[in-house]
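Quick notes on the structure that follows.
There are 2 protein chains.
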Amino acid sequence: MRERHNRLSVIKELIKNNRIDNQDTLLEMLKKEGFSVTQATLSRDLKMLKVGKISDGWSGYYYSLPENDFISESEKSYIQDVRRGIISIEFSGDMGVIKTRPGHANSVCFALDVLALPEILGSIAGDDTIFIILREGMTKEDLLESFQTRIPEIKD
Amino acid sequence: MRERHNRLSVIKELIKNNRIDNQDTLLEMLKKEGFSVTQATLSRDLKMLKVGKISDGWSGYYYSLPENDFISESEKSYIQDVRRGIISIEFSGDMGVIKTRPGHANSVCFALDVLALPEILGSIAGDDTIFIILREGMTKEDLLESFQTRIPEIKD
DNA sequence: ATGAAAATTGAATATTTATGCAATTTTAGC
DNA sequence: GCTAAAATTGCATAAATATTCAATTTTCAT
Numbered sequence: 001m002r003e004r005h006n007r008l009s010v011i012k013e014l015i016k017n018n019r020i021d022n023q024d025t026l027l028e029m030l031k032k033e034g035f036s037v038t039q040a041t042l043s044r045d046l047k048m049l050k051v052g053k054i055s056d057g058w059s060g061y062y063y064s065l066p067e068n069d070f071i072s073e074s075e076k077s078y079i080q081d082v083r084r085g086i087i088s089i090e091f092s093g094d095m096g097v098i099k100t101r102p103g104h105a106n107s108v109c110f111a112l113d114v115l116a117l118p119e120i121l122g123s124i125a126g127d128d129t130i131f132i133i134l135r136e137g138m139t140k141e142d143l144l145e146s147f148q149t150r151i152p153e154i155k156d
Numbered sequence: 001m002r003e004r005h006n007r008l009s010v011i012k013e014l015i016k017n018n019r020i021d022n023q024d025t026l027l028e029m030l031k032k033e034g035f036s037v038t039q040a041t042l043s044r045d046l047k048m049l050k051v052g053k054i055s056d057g058w059s060g061y062y063y064s065l066p067e068n069d070f071i072s073e074s075e076k077s078y079i080q081d082v083r084r085g086i087i088s089i090e091f092s093g094d095m096g097v098i099k100t101r102p103g104h105a106n107s108v109c110f111a112l113d114v115l116a117l118p119e120i121l122g123s124i125a126g127d128d129t130i131f132i133i134l135r136e137g138m139t140k141e142d143l144l145e146s147f148q149t150r151i152p153e154i155k156d
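First to last, the protein sequences are chains A and B.
If you read the first sequence in the working numbering, its first letter stands for residue 1, the second for the next number, and so on.
If you read the second sequence in the working numbering, its first letter stands for residue 1, the second for the next number, and so on.
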């Protein structure tokens with residue numbers, strides 16, 4: 001279901017271009033854009049987008065995207081490297097193994113390094129295999145979620 | 001009553017040095033520092049300090065001071081200039097008149113310029129008098145509040 | 001010092017935001 | 001296509017934060 005991704009994009013635009021200070025307002029705007037959801041869902045969307053609420057320097061607060069929200073062009077291409085090479089990822093305890101297309105392990109591994117996922121402590125690559133060590137306290141679910149949100153976000 | 005200012009400073013330190021994600025936690029920490037207030041007061045304090053709540057880049061949120069929170073050393077000395085010279089400030093409509101000790105108008109005016117208060121559109125200085133024009137939409141209350149929060153904050 | 005205006009605060013409450021849970025939809029593997 | 005696991009969502013509600021109002025304290029001009 002691509003629905004949610006579309007909605008997330010629209011939310012991002014709305015937040016970037018308007019001074020919005022509560023979810024109900026944003027909900028209204030979303031409705032006008034053709035997205036009818038509840039406040040609960042919106043709250044989750046905002047969390048997923050890592051939207052913050054910061055002072056307008058005077059007496060109010062408004063939503064704002066994280067600074068590093070823009071994915072730099074170079075970063076985009078690294079994401080492409082990952083997508084192009086990756087085949088599967090599996091775990092055993094704190095370790096993960098990524099299988100890639102032959103010869104792609106290095107580019108994927110390097111790209112992951114650049115993306116600096118907080119869940120990954122370190123990784124090394126062979127020819128079609130990458131070993132990953134999770135950072136203490138992190139779980140494979142954390143990493144997979146991170147992947148989910150970092151990697152798919154490349155359309156455009 | 002200097003009480004509140006002390007408290008604001010402590011809050012600022014706590015926020016700067018810890019990953020705090022709700023007011024009750026902060027309330028606890030404040031209690032340990034010797035400040036017993038209610039959540040209502042704390043909420044007001046945070047607003048006054050223009051504290052925001054931003055994503056930790058993963059799954060949580062925490063309080064954060066506005067970027068320009070740090071008062072640079074030079075800025076500190078300008079604040080001193082203001083305090084050293086200023087005698088009174090009064091308003092008439094969109095205009096303000098600051099009286100200073102003889103010969104101090106220029107240093108105060110220059111300092112105000114450096115501080116770049118959003119409420120001030122412009123100002124010119126004589127020998128012991130400064131004229132100020134408020135920015136459109138701003139009131140003398142806004143400016144005085146700005147003074148209140150910017151100027152007293154200099155101990156240390 | 002004295003009184004009026006402004007500032008500060010707490011208690012109660014309103015408003016805003018997050019989440020547990022169950023229902024529904026989507027995704028993936030066979 | 002069929003089924004199990006995962007994702008998405010709404011509803012109800014919990015949790016977090018802001019604000020109203022009244023009381024108290026402080027400031028400031030006489």
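C-beta: ideal position from N, C-alpha, C; glycine also.
On a predicted model such as this, the values are computed, not experimentally measured, just so you know.
Per DSSP, the bridge partner or partners of residue i
i: Leu-134 (chain B); result: B:Ile-120
i: Lys-99 (chain B); result: B:Ser-88, B:Thr-129
i: Ser-107 (chain B); result: In DSSP, Ser-107 (chain B) forms no bridge with anything.
i: Ser-64 (chain B); result: B:Gly-52
CB contact check: residue i to chain B, cutoff 7 Å
i: Gly-137 (chain A); result: no
i: Lys-155 (chain A); result: Note that Lys-155 (chain A) has pLDDT 29, beneath the 50 cutoff, so the model's placement of it is unreliable and no number is given.
Chain A contact for residue i (CB, 7 Å cutoff)
i: Ile-54 (chain B); result: yes
i: Lys-99 (chain B); result: no
i: Lys-32 (chain B); result: no
i: Lys-50 (chain B); result: yes
Identity of the residue in the options nearest residue i by Cα
i: Glu-3 (chain B); options: B:Phe-35, B:Leu-14, B:Glu-145; result: B:Phe-35
i: Ala-105 (chain B); options: B:Glu-136, B:Leu-115, B:Thr-129, B:Met-95; result: B:Thr-129
i: Met-138 (chain B); options: B:Met-95, B:Leu-14, B:Glu-119; result: B:Glu-119
i: Ala-40 (chain A); options: A:Leu-134, A:Asn-22, A:Asn-6, A:Phe-91; result: A:Asn-22
i: Thr-25 (chain A); options: A:Gly-52, A:Lys-50, A:Tyr-63, A:Leu-8; result: A:Tyr-63
i: Tyr-232 (chain B); options: B:Ile-15, B:Leu-49, B:Asp-94, B:Phe-91; result: What is shown of chain B runs 1 to 156, which leaves residue 232 (chain B) out entirely.
i: Ser-107 (chain A); options: A:Asp-127, A:Gly-96, A:Asp-94; result: A:Asp-127
i: Asn-17 (chain A); options: A:Leu-65, A:Gly-52, A:Phe-91, A:Leu-27; result: A:Leu-65
i: Ile-124 (chain B); options: B:Lys-32, B:Val-97, B:Arg-101; result: B:Val-97
i: Glu-90 (chain B); options: B:Phe-147, B:Arg-44, B:Asp-45; result: B:Phe-147
Nearest-angstrom Cβ-Cβ length linking residue i and residue j, presumed shorter than 8 Å
i: Val-82 (chain B); j: Ala-111 (chain B); result: 5 Å
i: Leu-121 (chain A); j: Ile-133 (chain A); result: 5 Å
i: Leu-42 (chain A); j: Leu-8 (chain A); result: Going by Cβ atoms, the distance from Leu-42 (chain A) to Leu-8 (chain A) rounds to 11 Å, so no, they are not a contact pair.
i: Ile-54 (chain B); j: Ile-54 (chain A); result: 7 Å
#### Entry: Start-end ranges of the beta strand (DSSP E) lying completely within the stretch 3 to 58 of chain B, minimum 3 residues
52 to 55
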